[in-house]
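Protein chains in written order, with the working numbering: chain A, 194 to 489; chain B, 54 to 430; chain C, 4 to 257. Every residue gets a Cβ at the ideal spot worked out from N, C-alpha and C, and that includes glycine. This report refers to the structure that appears directly beneath it.
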C-alpha cells in the first residue's frame with residue numbers, strides 16, 4: 194500500500210512538472226499555431242536564473258523568503274525571455290508556421306548551447322530550502338517534499354490559469370482565438386497582443402517548472418529542458434492542443450503511467466508505454482482528449 | 054527584409070530549384086556535367102597531399118581529414134534523403150534520426166553481437182530500416198502537419214530510450230557499442246584504409262542524390278510535389294495522398310538506414326548520441342540552410358553543417374577565440390550556438406538557403422548590370 | 004451620392020490562381036448591394052479582400068477605399084474598428100463560448116455596446132445568454148453572428164451568405180432582420196437565394212470568370228429572366244456588361 198501511495202505521489206510530482214511545461218506549450222500552440230521548441234529554453238532560463246539569484250542576488254538565498262525571492266527572479270527571467278522571443282523572433286513571421294517552428298528549433302539549439310557555454314555542461318547542485326530535502330509521511334509512504342511542492346505549485350497554477358481564462362477579457366480572447374483566430378481579428382481585436390501574453394504565461398510556468406524541478410532533482414543542467422520537452426509535447430498532443438484542463442488530465446495520466454510501469458516493469462518501459470498511449474490516442478481521437486477548446 | 058514579407062513564398066520554404074535557374078554565359082553548356090566533374094574531383098581527392106591550413110588539420114589524404122570528409126559526405130546524403138520528406142513532399146518529420154540510428158545500431162549489433170558477415174548485416178539492416186519506416190510511417194501518417202511532427206518525434210524518442218536503457222544488453226547503453234572489426238573485409242579496417250571508407254561514403258552520397266533525383270523527376274515525384282503545394286488538389290485527382298506519402302517515408306527511411314551502415318563503418322561503432330532528437334533537428338537545419346526542395350542545396354547544407362560542427366569545436370579552442378573576452382569566446386566555442394544562430398538568421402534572410410542564394414546573386418548581378426546595358430568594353 | 008465603399012480594379016491571386024481579375028464596383032451609402040455569381044466565382048474572396056483576410060499565399064492588387072481612406076494593406080482588426088462589420092460565411096460563432104461571451108468579445112474599449120439594439124432585434128439571444136453557442140440552431144447562430152457586428156456602430160456591413168443551409172422559415176426570419184438592419188446601415192451582401200435578393204437588394208453586382216459581368220439595379224436584373232439565368236443559372240451565355248463597368252473592366256482585361 195505504501196508503495197502505491199508513494200508511486201502515485203511521485204507520479205503526480207512528475208505530472209506537475211509536465212503540466213507546468215505543457216500548459217504554456219498548449220496555449221501557445223492552440224492560439225498561435227507555434228510548436229515551440231524553445232519552450233525547454235524558458236525552463237532552463239528559469240532554473241539557472243533561480244540558481245544564480247540564490248547565490249548572487251541581494252536578499253535572495255537558498256532558504257525561507259530568500260528562496261521565494263530567488264524563484265520569483267527565475268520566473269521573471271523566464272517570462273522576460275519568452276516575451277522577447279515572441280516580440281523579436283516569432284512576431285515578424287506572423288502566420289508563417291513552418292518558419293516559426295524552424296526559428297524555435299534554432300533557438301533551442303543555440304539557447305541550450307549558450308547556457309552550456311556560460312555555466313558548463315555538467316549538472317550543478319541546486320540551492321534548495323532544507324525542508325524540501327526531507328520527506329513527509331502520508332498514509333505510510335515517505336513522500337519527498339520537493340515532489341509535494343511541485344504538486345501544490347501545479348495545482349495553484351492550474352487554478353490561476355483557469356480563473357484567468359474564465360474571468361478576464363484576455364482569457365476570453367485567448368479561448369476564442371484557440372477556436373478561430375481569424376474571427377477574433379474580424380471582431381476588431383488585435384490578437385497578436387494575446388500571442389505575447391500566452392508566451393509570457395508559458396514562459397513563466399516553464400520557468401517555475403525549471404526552478405521547482407531543480408529543487409526536486411537537486412541539480413540543474415543545460416539539457417534538462419529538452420528532455421522534459423518531448424514528454425511535455427506528448428502531454429500536449431494527448432490533452433488536446435489549446436486546452437489547459439486537457440493538459441492537466443494528460444499530464445496526470447502520463448506521469449502515473451510512467452512511474453508505475455517504470456517501477457513494476459523495467460526501467461524505461463514506462464517511457465515507451467507513454468509513446469504507445471500517444472499513438473493510441475492519436476489513432477482513436479486525433480484532436481486529443483479535450484479537442485481545440487481552451488477551457489473544458 | 055522585403056523577401057520576408059513577400060506573400061509569394063509558399064508555406065514550406067521551397068526555393069526555386071537550382072536546376073531551373075537560367076545561368077548566363079559560357080557556364081551554360083558545362084553545367085550539366087558539373088556534378089560529374091565534382092564527383093570526379095571528390096573521387097581523386099584522396100590522392101592529393103595538399104595542405105589547407107586552417108581548413109583541415111592534416112593534408113587532404115591524411116586519415117583524419119578523410120574521416121571528417123567521409124562523415125560530411127554521409128550527412129550530405131542523409132540531408133538529401135530527408136529533403137525527400139521535407140522539401141519535396143512537405144512532411145515535417147522530427148524523427149528521421151531514428152532510421153539513421155537503426156542503420157548504425159543494426160549493422161553494429163548484427164556484426165558485433167550476431168557475428169554476421171558485413172554484407173548480410175548491411176542488407177538486413179537496410180531492409181529492416183525500410184520496414185521500420187513503413188510500419189511507423191503507417192501510423193504517423195494518419196496525422197498531418199504539426200501532429201505528424203510530434204508523433205515522429207515521440208517515435209524517435211522511443212528509439213533513444215531503447216538504446217539508452219540497453220534492453221537485452223544489445224546496444225551497450227550510454228557507453229555505446231564499438232564495432233567488432235575481426236569479421237570485416239580487410240579493406241575496410243584500419244587507419245590506412247580510411248580512404249576506402251571515404252569512397253564508400255562518396256558512393257553513398259552519389260546513390261542518394263541519384264535516387265532522390267530520379268524519384269522527384271518521376272510521376273510519383275510530381276505527385277509528391279503536388280502534395281507539398283496543395284494536398285487537396287491531389288485528393289481531387291483521385292490519388293491517395295496517404296499511399297504516396299508512405300512510399301516517400303519508407304524510401305527516405307531506407308536511405309537513412311543505408312547511411313547508418315556506412316557511418317557505423319566510418320566511426321567504428323555506435324554511440325547513443327545519434328539517437329538524440331538533436332540530430333533530427335540538425336537534419337532539418339541542414340536542409341533549410343542548404344535550400345529545401347533543390348537538388349544540391351540539402352547536400353551542401355549537410356556537408357557544410359557537419360564540417361562546421363566539427364571544425365567549430367577546434368575553432369572554439371583556438372588561440373584567436375581564446376584571446377577574446379569570455380562573453381564572446383565562451384558562446385563561440387559552442388558549435389551549436391553558432392550553427393543555431395546562423396540557422397535563425399538564414400530562416401529570416403535566406404528563405405531559399407544556399408541554393409536560393411546563388412539564384413539571388415544572379416538576380417543581383419543582373420540588376421547591377423542593368424543600368425549599363427550592353428556597354429562595349 | 005458618394006459610395007460608402009469603392010472597389011477599383013481589384014485582382015486577387017491565391018496560390019498562383021487568378022481568382023479576381025480587375026473587379027470594380029461601388030457600394031451605395033444606403034440599402035443593400037448584393038454580390039451575385041455562381042459558386043467559385045470569387046464573391047467570398049472579394050469580401051475577404053475588403054476586410055483584409057486574404058490568405059498568406061494570396062496577393063491583392065487594386066484599390067479599395069472607404070471614403071477617402073484606402074483599406075488595402077491594413078490589418079483586419081483596424082479595418083473592423085474603423086467601421087467595417089464582417090459576418091463571415093458559415094457564421095463562425097465561437098462554439099465553445101456562451102452566447103454572452105460571443106457578444107462580449109465584440110465589445111470595444113471606449114465605446115458603448117448597443118445591447119439594446121441587438122436584443123430588440125434578437126430577443127432569443129438574451130434568453131439564451133448562458134447557453135454555449137455551439138448548441139444553438141443554425142438560425143440562432145446566424146442571429147448571433149449578425150448580433151456581434153450590430154453591437155458596434157459600423158459604416159458598412161459585409162455579410163456572406165447569411166441564409167446558407169437554413170430552413171425556409173428561418174430564411175424568412177433572417178431576411179426580415181436584414182431588411183431592418185439595412186434601413187439604418189449600408190450592406191454588401193453575398194447571397195445565392197434569389198428570393199432573398201429580390202426582397203432585399205437595391206443594387207446588384209454580378210461576377211463571372213473573376214470579373215464584373217453586370218452591374219446595376221438589382222430589381223431590373225431580376226426582371227430579365229434570361230439574363231439572370233445566363234449569369235447565375237446553368238447556361239453559359241456571353242457576359243453582358245453594365246454600361247459603367249464596360250470601361251472599367253475593358254481597360255485591364257488581359
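Assuming the contact rule is C-beta atoms closer than 8 Å, residue 310 of chain A and residue 384 of chain B should be a hit. Round their C-beta distance to whole Å, please. Contact holds; Cβ gap of about 5 Å.
Please name the residues in the segment 205-225 of chain B whose beta-carbon is closer than 8 Å to at least one beta-carbon of chain A, in chain order. Shown in chain order are the members of the segment 205-225 of chain B whose Cβ falls below 8 Å from a Cβ of chain A: 206, 207, 208, 210, 211, 214, 215, 217, 218 and 220.
Contact residues within the segment 81-105 of chain C, judged by C-beta distance below 7 Å to chain A: Cβ contacts with chain A come from 83, 84, 89, 91, 95, 97, 98, 99, 100 and 104.
Whole angstroms is fine: what's the gap from residue 215 of chain C's alpha carbon to residue 72 of chain C's? Near 23 Å, if we compare the C-alpha coordinates of residue 72 of chain C and residue 215 of chain C.
Residues near residue 75 of chain B in its chain [Cβ-Cβ closer than 7 Å; skip 5 each side]: Summary for residue 75 of chain B: the model assigns pLDDT 48, below 50, so the residue's position carries little reliability; its value from the coordinates is reported in the next sentence. Short of 7 Å from the beta carbon of residue 75 of chain B, and not among the five residues preceding or following it, lies no beta carbon of its own chain.
Between the alpha carbons of residue 4 of chain C and residue 29 of chain C, how many angstroms are there, rounded? Within the model, the alpha-carbon separation for residue 4 of chain C versus residue 29 of chain C is close to 11 Å.
Compute the beta-carbon to beta-carbon distance between residue 306 of chain A and residue 393 of chain B, rounded to the nearest angstrom, for a pair I have assumed lies under 8 Å. That belief holds up - the Cβ atoms of residue 306 of chain A and residue 393 of chain B are roughly 6 Å apart, short of 8 Å.
Figure out for me which residue from B/304, B/366 and B/400 has the closest Cα to the Cα of residue 289 of chain A. The shortest C-alpha separation from residue 289 of chain A is found at B/400.
Own chain partners of residue 399 of chain A with C-beta closer than 7 Å, once the 5 adjacent residues on each side are dropped: Excluding sequence neighbours, residue 399 of chain A sits near 213, 214, 217, 232, 235, 236, 239 and 271.
Taking the runs of the beta strand (DSSP E) that are 3 residues or longer, which of them lie wholly in the segment 333-368 of chain A? Fully enclosed beta strand (DSSP E) runs of 3 or longer: 334-337.
Where do the N-terminal and C-terminal ends of the beta strand (DSSP E) with residue 165 of chain B fall, by residue? That residue, residue 165 of chain B, is in no beta strand (DSSP E); it is neither H nor E in DSSP.
Quick check: what's the CA-CA separation for residue 111 of chain C versus residue 392 of chain A? In this structure, the CA atom of residue 111 of chain C is about 24 Å from the CA atom of residue 392 of chain A.
Could you tell me which chain A residues have their CB closer than 8 Å to the CB of residue 258 of chain C, listed as they occur along the chain? Because chain C in this structure spans residues 4 to 257, residue 258 of chain C falls outside the shown range and cannot be described.
Any beta carbon of chain B sitting closer than 7 Å to that of residue 371 of chain A? In terms of beta-carbon proximity, residue 371 of chain A stays away from the interface with chain B, with every pair separated by 7 Å or more.
Out of C/149, C/106 and C/57, point me to the one whose CA is closest to residue 76 of chain C's CA. Closest in C-alpha terms to residue 76 of chain C, from the list C/149, C/106 and C/57, comes C/57.
Does the CB of residue 241 of chain A have a neighbour CB from chain B at under 7 Å? Cβ-Cβ to chain B under 7 Å: no for residue 241 of chain A.
Can you list, in chain order, the stretches of the beta strand (DSSP E) that have 3 or more residues and sit fully within the segment 394-479 of chain A? Within the segment 394-479 of chain A, no run of beta strand (DSSP E) at least 3 residues long lies entirely inside it.
Where does residue 74 of chain B fall in DSSP's three states? Confidence at residue 74 of chain B is low in this model, with a pLDDT of 47, below 50, so the placement of that residue should be treated as unreliable; the coordinate-derived value is given next. DSSP places residue 74 of chain B in the coil class of the three-state scheme, outside both helix and strand.
Given a cut-off of 7 Å, decide if residue 90 of chain C and residue 205 of chain C are closer than it, judged by their beta-carbon atoms. Residue 90 of chain C sits away from residue 205 of chain C, with the two beta carbons spaced by 7 Å or more.
Is there a Cβ from chain B that is less than 7 Å from the Cβ of residue 468 of chain A? A Cβ of chain B is located within less than 7 Å of the beta carbon of residue 468 of chain A.
Can you confirm whether residue 394 of chain B, when its beta carbon is compared against all beta carbons of chain A, has any partner nearer than 7 Å? Yes, its Cβ sits closer than 7 Å to a Cβ of chain A.
Would a check of beta-carbon distances place residue 49 of chain C closer than 7 Å to chain A? No, because no Cβ of chain A sits closer than 7 Å to the Cβ of residue 49 of chain C.
Rounding to the nearest angstrom, what Cα-Cα distance links residue 168 of chain C and residue 221 of chain A in this structure? Here the C-alpha atom of residue 168 of chain C lies approximately 34 Å from the C-alpha atom of residue 221 of chain A.
Verify whether the separation of the beta carbon atoms of residue 206 of chain A and residue 344 of chain A is less than 7 Å. In contact: residue 206 of chain A and residue 344 of chain A (Cβ atoms closer than 7 Å).
Cα-Cα separation between residue 225 of chain B and residue 216 of chain B, rounded to whole angstroms: The straight-line gap from Cα to Cα measures roughly 8 Å.
Would you call the CB atoms of residue 261 of chain A and residue 319 of chain A closer than 7 Å? No.
Relative to the C-alpha of residue 214 of chain B, which residue among B/249, B/333, B/328 and B/111 is closest? Taking only the C-alpha atoms, the option nearest residue 214 of chain B is B/328.
Does the CB of residue 212 of chain A have a neighbour CB from chain B at under 7 Å? The beta carbon of residue 212 of chain A sits no closer than 7 Å to any beta carbon of chain B.
Against chain A, with Cβ distances strictly below 7 Å, would residue 390 of chain B count as a contact? Yes, residue 390 of chain B counts as interfacial toward chain A.
Taking 7 Å as the cut-off, decide whether the C-beta atoms of residue 230 of chain B and residue 295 of chain B are in contact. It is not a contact, given that the beta carbons lie outside the stated cut-off.
Start and end residues, beta strand (DSSP E) containing residue 220 of chain C: Residue range 214-220 is occupied by the beta strand (DSSP E) that includes residue 220 of chain C.
Under DSSP, the beta strand (DSSP E) around residue 30 of chain C begins and ends at which residues? That run of the beta strand (DSSP E) goes 20-30.
Taking the continuous beta strand (DSSP E) assigned at residue 127 of chain C, which residues delimit it? Premise fails: residue 127 of chain C lies in the alpha helix (DSSP H), 126-130, not in any beta strand (DSSP E).
Are the CB atoms of residue 204 of chain A and residue 452 of chain A nearer to each other than 7 Å? Judged by beta-carbon spacing, residue 452 of chain A lies within the 7 Å limit of residue 204 of chain A, meaning their Cβ atoms are closer than that value.
For chain A, find out if any of its Cβ atoms is closer than 7 Å to the Cβ of residue 74 of chain B; answer yes or no. With a pLDDT of 47 at residue 74 of chain B, under the threshold of 50, the modelled position of that residue is not reliable, and no figure is offered here.
DSSP three-state label for residue 65 of chain C, please. In this structure, residue 65 of chain C counts as strand in the three-state DSSP scheme.
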